[in-house]
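For the sequence shown, the working numbering gives the first residue as 3, with consecutive numbering after it. In this text, a Cβ means the ideal position worked out from N, Cα and C, and glycines have one as well.
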Amino acid sequence: MPFYVKQGQVPHKRHITFAKDNGELYREELFSTHGFSNIYSNKYHHNMPTKVLSVEAVNVEHGNKWQDTLIQNYKIDSRLADKSGHFFSSRNQIFYNNDVAMYTAKVTEDTDLFYRNAYSDEIVFVHQGQGTLLSEYGKLDVRQWDYLVIPRGTTYQLKFDQYDDVRLFVIEANSMVEIPKHFRNEYGQLLESAPYCERDIRTPELADAIVEKGQFQLYSKYGERYQISQLEWHPFDLAGWDGFVYPWAINIQDYAPKVGQIHLPPSEHLIFTAHNFVICNFVPRLYDFHPQAIPAPYYHSNIDSDEVLYYVDGDFMSRTGIEAGYMTLHQKGVPHGPQPGKTEASIGKTETYEYAVMVDTFAPLHLTEHVRQCMSKDYNSSWLEK
Ligand SMILES: [Fe+2]
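Encoded structure:
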């Protein structure tokens with residue numbers, strides 16, 4: 003989505019003959035968004051992408067809704083929900099609504115299965131681990147603390163170099179994940195004032211097509227439902243592709259934060275937008291430089307959003323008892339802010355070392371049974387003076 007990319011061989015015009023050495027045609031697949039009215043890519047397959055031997059429903063569990071939850075402030079240790087599994091079976095759904103779903107996962111094993119999320123764009127934040135994202139579009143190196151932005155409909159595999167300590171935070175968007183429009187100029191280039199630019203964005207590199215006949219298992223996710231398809235040909239059979247739709251990566255360490263004289267709101271730490279929610283991130287930065295500045299945030303009420311934080315690393319300026327892998331949910335209708343002592347402790351500090359990913363949703367979130375299992379029972383009362 004960031005910009006135009008071309009990999010491998012493509013014909014000199016769209017929708018014309020494009021033949022292999024033996025005279026057979028490559029099969030063009032238009033991969034388009036908003037019908038034919040928004041960004042797209044054209045992919046050139048060795049074989050028709052429609053060759054499916056069979057398809058059937060299959061069950062993959064991610065967690066059930068927790069009924070009768072209270073509207074309050076929550077803190078959870080997402081690690082307590084860990085289970086064994088590969089890059090998509092290991093996901094535990096934590097929060098969700100009609101616009102977005104959030105999962106945490108400890109990935110313990112490799113798989114040769116292919117995966118496609120048909121209804122949702124995915125942002126996979128690689129909290130721990132490194133490896134490779136394999137897709138029709140080629141190979142993309144995966145580094146610790148990468149955001150992988152994977153458009154819906156992409157067939158992919160996520161491979162890690164080792165599986166002893168791999169942890170993911172996955173955000174599923176039921177709308178297109180976008181670079182904020184105000185980060186770009188009228189030509190689409192990222193502005194001088196944007197917190198990241200094209201150099202920070204990594205795109206797939208296409209290797210030789212895999213032209214292999216057999217039975218290849220593709221798990222497709224349609225909302226809550228899964229289907230398994232047996233493909234006759236290996237899906238990574240592209241001779242070339244070009245366009246604007248493809249998976250890409252940006253590392254949270256390449257995000258250049260804004261700093262101000264007095265406390266800047268979280269919206270200054272924006273990284274992605276989507277319909278009805280936004281994603282921000284907190285990264286190491288200098289603190290506010292007014293002589294009387296309070297670097298810790300003020301108490302605030304999100305009157306029209308639920309706020310989720312996933313804690314990645316460092317020392318979190320407004321929270322106590324937080325470790326990497328913890329999450330908080332501060333819901334609309336309930337004020338929240340620094341815990342006792344944190345406001346005073348922040349005064350006079352000049353910088354912070356913290357990494358966290360924030361998801362602000364504009365519709366209320368549902369909680370799953372994983373939250374009940376992983377929550378700190380005393381978090382909502384942790385503002386009471388002891
Ligand atoms: Fe907040």
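Assigned exposure category for residue i - 16 Cβ within 10 Å defines buried
i: R16; result: exposed
i: L233; result: buried
i: T354; result: buried
i: F279; result: buried
i: A276; result: buried
i: Q263; result: exposed
i: I152; result: buried
i: E226; result: exposed
i: R321; result: buried
i: Y6; result: exposed
i: R154; result: buried
i: T1; result: Because residue 1 is not part of the residues shown, which for the chain are 3 to 388, the question remains open.
i: Y46; result: buried
i: A209; result: exposed
i: G131; result: buried
i: L288; result: exposed
i: E124; result: buried
i: D79; result: buried
i: N283; result: buried
i: E174; result: buried
Residue range of the beta strand (DSSP E) that includes residue i
i: Q95; result: N94 to Y98
i: S56; result: V54 to V60
i: F171; result: V168 to A175
i: K161; result: T157 to F162
i: L233; result: R227 to W235
i: S222; result: K215 to Y224
i: S86; result: Element bounds for S86: n/a, residue is neither H nor E.
i: T134; result: G133 to S137
i: I125; result: D123 to Q130
i: Y66; result: A small correction: the amino acid at residue 66 is Asn; Tyr does not occupy that position in the sequence shown. N66 -> no beta strand (DSSP E), and no H or E assigned at all.
i: C199; result: First-last for C199: undefined, no H or E at that position.
i: W243; result: L240 to G245
i: A107; result: V102 to V109
i: V151; result: D148 to I152
i: Y117; result: F116 to N119
i: G140; result: G140 to V144
i: S78; result: One point to set straight first is that residue 78 is Ile, not Ser, in the sequence displayed. Here the beta strand (DSSP E) through I78 covers Y76 to D79.
Presumed contact (8 Å Cβ cut-off) between residue i and residue j, rounded CB distance
i: E30; j: N44; result: 6 Å
i: D202; j: I252; result: 5 Å
i: V57; j: S269; result: Actually they are not in contact, since the Cβ atoms of V57 and S269 sit about 43 Å apart, beyond 8 Å.
i: N404; j: D239; result: Past the boundaries of the shown model lies residue 404; the chain is included only from 3 to 388, so the question cannot be answered.
i: P4; j: W250; result: 6 Å
i: N100; j: A365; result: 7 Å
i: V247; j: I41; result: 5 Å
i: A298; j: K260; result: Contact doesn't hold; Cβ gap of about 17 Å is too wide.
i: F162; j: L367; result: Actually they do not touch by this definition, with Cβ atoms about 29 Å apart.
i: Y257; j: V314; result: Not quite, the Cβ-Cβ distance comes to about 12 Å (not below 8 Å), so this is no contact.
i: G327; j: Y301; result: With 8 Å as the limit, G327 and Y301 do not qualify as a contact, their Cβ atoms being about 26 Å apart.
i: P206; j: K141; result: 6 Å
i: Y165; j: D112; result: 7 Å
i: R204; j: L193; result: Contact flag wrong, Cβ pair sits at about 20 Å.
First through last residue of the alpha helix (DSSP H) which encompasses residue i
i: R374; result: E371 to C376
i: S348; result: K344 to S348
Spatial neighbours of residue i in its chain, beta-carbon cut-off 6 Å, leaving aside the 5 residues before and after
i: F89; result: V109 and L160
i: S222; result: R118, A120 and Q229
i: Q333; result: I73 and D308
i: Y312; result: F171, M329 and V359
i: K8; result: D244
i: D143; result: none
Close-in-space but distant-in-sequence residues of the same chain around residue i (CB under 8 Å, 5 per side omitted)
i: P237; result: P51, F116, E138, T157, F218 and L220
i: V54; result: S231, Q232, L233 and E234
Cβ neighbours of residue i in the same chain (closer than 7 Å, five flanking residues each side left out)
i: G65; result: N94, Q95, T370, E371 and H372
i: S348; result: I296, P297, A298 and M319
i: L27; result: T19, F20 and A21
i: D306; result: K334 and F364
i: S384; result: Q341
Inset, instruction - Go through the stretch 322 to 368 residue by residue and report every complete run of the alpha helix (DSSP H) that reaches 4 residues or more, in order. - result: Listed in chain order, they are 344 to 348.
Inset, instruction - Output the residue ranges of the beta strand (DSSP E) runs that lie fully inside the stretch 6 to 47 and measure 3 residues or longer, sorted by chain position. - result: List check, beta strand (DSSP E) in window: 7 to 10, 29 to 34 and 42 to 47.
Inset, instruction - Can you check the stretch 247 to 318 for any beta strand (DSSP E) of at least 3 residues that lies completely inside it and give the ranges in chain order? - result: The stretch 247 to 318 contains these whole beta strand (DSSP E) runs: 250 to 253, 272 to 276, 279 to 284 and 308 to 316.
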